[in-house]
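Report on the following structure.
There are 2 protein chains.
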Amino acid sequence: MIYLFTGNGKGKTTAAIGTGIRAVGAGLSVLMVQFMKVKELSSEYRVLEKLERFDVVSFGREGFYLPEEELEKNPQLKEKGFKPFSRIDYQLAEEGIEYVKNAVLNEKYNLYILDELCVALYYGLLNENSVKKMLTDSGKDFDFILTGRYAPQWLIDISDLVTEMKDIKHPLNKGMKAKKGLDF
Amino acid sequence: MIYLFTGNGKGKTTAAIGTGIRAVGAGLSVLMVQFMKVKELSSEYRVLEKLERFDVVSFGREGFYLPEEELEKNPQLKEKGFKPFSRIDYQLAEEGIEYVKNAVLNEKYNLYILDELCVALYYGLLNENSVKKMLTDSGKDFDFILTGRYAPQWLIDISDLVTEMKDIKHPLNKGMKAKKGLDF
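Structure, rendered in structure tokens:
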């Protein structure tokens, strides 16, 4: 089965992690592959790395990066510290997909969490056809959880379960800062 | 801060658990109080019970219970195995709130997850004023995460962050069974 957690609200990655915890508790093994993130920068990694059967691998680098065109369209993003993608970002994302393909091929896990996959697709870091092929060619003895805002329609179409995490109210809109332990 | 995860889609409890894992990783301590659930029946409990600083207490009993009026209105629910609430269900829910109040009073945790609180309120197992008082009288040195569908407007109003988990696509709608390790 393919589960998809998308939308602009809080709770996508944490719902994937919570489901991963549930899977481990049921005796299953989990691989979480993170795109555009550095696992060591998240608080949850300190707990997850100690769990048996919950592996985390991240394919991002420190800092905030977006496509050059996005930054040209929204110059205020540059002021906020965003920098343009460079070759390494595309390479990292592609390595992430290769990592998953290889694990799937060797039937290493029961549940594959592809965190921020939708964002990596949206910003063109990943090739649509290669991701689609991996998700649909795979056998059915294991499950995928995909997360990230901006899920494309084709991803919704091939998913079995889709939840939209919809932002109804958010303190960051009121200028409050993200809080360690809750938000990252 | 009060975080609220509501809506009819999957991911509310798992997002709360994932955020709890994040909090533990950041060195905080977490209490999860579950209403209308038995913790031992969930796969995730086998992992959570082994974590330091993540306590889980549940105030429900095995089986599926709803208010008598709901069952009268929807007789097919009885055929599905739902039984009417009895005195014990009200007592258990109230004990759950007392347990939280006591822990809050003794400043025992940094994060309090009240799982299925909205459902317990919706079905009248809990007194609205008593819950409201507990949530708003409390100091600001700790955070709440509330989950469950049917969040009342007053709960949305007093929450700082609200995400609606919206069901876009769900395999159970197509008659597929819930899967151990992913759904419970």
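Going down the list, the sequences are from chains A and B. For the first sequence, the tail end lands on 204 under our numbering, and the numbers increase by one without skipping. For the second sequence, the tail end lands on 204 under our numbering, and the numbers increase by one without skipping. Where a beta carbon is used, it is the ideal one built from N, C-alpha and C, also for glycine. Remember, predicted model here, so these are calculated numbers, not experimental data.
Based on Cα-Cα distance, which residue from the options lies nearest to residue i?
i, options, result
"B/Lys-100", "B/Tyr-85, B/Tyr-110, B/Ile-133, B/Leu-112", "B/Tyr-85"
"B/Phe-204", "A/Asn-28, A/Gly-40, A/Thr-26", "A/Gly-40"
"A/Asn-126", "A/Phe-55, A/Leu-51, A/Lys-197", "A/Leu-51"
"A/Glu-128", "A/Ser-49, A/Ala-43, A/Ala-113, A/Tyr-65", "Just to set this straight, residue 128 of chain A is Lys in the shown sequence, not Glu. Closest option to A/Lys-128, Cα to Cα, is A/Ser-49."
"B/Val-53", "B/Ala-140, B/Gly-45, B/Asn-94, B/Gly-31", "B/Ala-140"
"B/Phe-74", "B/Tyr-132, B/Phe-55, B/Lys-57, B/Gly-31", "B/Tyr-132"
"B/Glu-72", "B/Gly-47, B/Ala-113, B/Trp-174", "B/Gly-47"
"B/Val-182", "A/Met-154, A/Gly-29, A/Lys-98, A/Lys-59", "A/Gly-29"
"A/Tyr-119", "A/Glu-92, A/Val-76, A/Ser-179, A/Pro-104", "A/Val-76"
"A/Asp-177", "B/Pro-172, B/His-190, B/Ser-179", "B/His-190"
"A/Ser-179", "A/Val-124, A/Pro-104, A/Leu-155, A/Arg-81", "A/Leu-155"
"A/Tyr-142", "A/Arg-107, A/Trp-174, A/Phe-102", "A/Trp-174"
"A/Phe-164", "B/Arg-107, B/Leu-202, B/Lys-32", "B/Leu-202"
"B/Leu-61", "B/Val-44, B/Gly-83, B/Arg-42, B/Gly-45", "B/Gly-83"
"B/Phe-102", "B/Leu-192, B/Glu-64, B/Glu-92, B/Ile-37", "B/Glu-92"
"A/Phe-162", "A/Leu-112, A/Arg-107, A/Asn-130", "A/Asn-130"
"B/Gly-144", "B/Glu-90, B/Lys-57, B/Ala-35", "B/Glu-90"
Could you tell me the distance, in whole angstroms, from the CA atom of residue i to the CA atom of residue j?
i, j, result
"A/Lys-121", "A/Asp-187", "33 Å"
"A/Glu-88", "A/Lys-152", "25 Å"
"B/Leu-68", "B/Lys-199", "20 Å"
"B/Ser-150", "A/Glu-184", "32 Å"
"B/Met-21", "A/Asp-157", "44 Å"
"B/Thr-167", "A/Lys-197", "23 Å"
"B/Pro-95", "B/Phe-105", "15 Å"
"A/Tyr-170", "A/Phe-55", "14 Å"
"A/Gly-116", "B/Leu-137", "39 Å"
"B/Lys-59", "B/Ser-78", "6 Å"
"A/Lys-123", "A/Leu-146", "Checking the sequence, you will find Ala at residue 123 of chain A rather than Lys. Straight-line Cα distance between these residues: approximately 18 Å."
"A/Leu-24", "B/Val-44", "26 Å"
"B/Arg-81", "B/Glu-114", "14 Å"
"A/Pro-172", "B/Arg-107", "49 Å"
"B/Thr-33", "A/Gly-27", "17 Å"
"B/Glu-148", "B/Leu-134", "14 Å"
"B/Ile-37", "B/Lys-160", "21 Å"
"A/Ser-63", "B/Arg-42", "5 Å"
"B/Arg-66", "A/Tyr-110", "39 Å"
"B/Leu-112", "B/Gly-31", "25 Å"
"B/Lys-98", "A/Ala-35", "31 Å"
"A/Lys-57", "A/Lys-70", "19 Å"
Identify whether residue i lies in helix, strand or coil by the three-state DSSP scheme.
i, result
"A/Met-185", "strand"
"A/Tyr-142", "helix"
"B/Leu-209", "This structure cannot settle anything about residue 209 of chain B, because the visible part of chain B is limited to 21 through 204."
"B/Leu-192", "helix"
"B/Leu-125", "helix"
"A/Leu-137", "helix"
"B/Asp-163", "strand"
"B/Leu-155", "helix"
"B/Leu-202", "coil"
With a threshold of 7 Å (Cβ to nearest heavy atom), would residue i be considered close to the ligand ZN?
i, result
"B/Lys-70", "Questions concerning the ligand ZN fall outside what the structure shown contains, since it holds no ligand whatsoever."
Problem - Inside the segment 37-123 of chain B only - alpha helix (DSSP H) runs reaching at least 4 residues - result: Correct list: 65-68, 88-93, 95-99.
Practice task
Give, in chain order, every residue of the segment 172-192 of chain A whose Cβ lies closer than 8 Å to some Cβ of chain B.
Solution key: Residues passing the 8 Å Cβ filter: Ile-176, Ser-179, Asp-180, Leu-181, Val-182, Thr-183, Glu-184, Met-185, Lys-186, Asp-187, Ile-188, Lys-189, His-190, Pro-191.
Exercise for the section: Note down, in chain order, all residues in the segment 118-147 of chain A with a beta-carbon under 7 Å from any beta-carbon belonging to chain B. Expected result: Within the segment 118-147 of chain A, no residue has a Cβ lying closer than 7 Å to any Cβ of chain B.
Handout entry: Against chain A: residues of the segment 53-80 of chain B by CB proximity under 8 Å
Key = Flagged, chain order: Ser-62, Ser-63, Glu-64, Tyr-65, Arg-66, Val-67, Leu-68, Leu-71.
Problem - Residues within the segment 32-53 of chain A neighbouring chain B, beta-carbon criterion of under 9 Å - result: Of all residues in the segment 32-53 of chain A, the ones placed with a Cβ closer than 9 Å to any Cβ belonging to chain B are Lys-32, Thr-33, Thr-34, Ala-35, Ala-36, Ile-37, Gly-38, Thr-39, Gly-40, Ile-41, Arg-42, Ala-43, Val-44, Gly-45, Ala-46, Gly-47, Leu-48, in chain order.
Exercise for the section: Check each residue of the segment 152-164 of chain B: if its Cβ is closer than 8 Å to any Cβ of chain A, include it; give the result in chain order. Expected result: Per Cβ criterion, the list reads Asp-163.
Practice task
Return the residues of the segment 100-120 of chain B that lie within a Cβ-Cβ distance of less than 9 Å from chain A, sorted by chain order.
Solution key: From the segment 100-120 of chain B, no residue has a Cβ closer than 9 Å to chain A.
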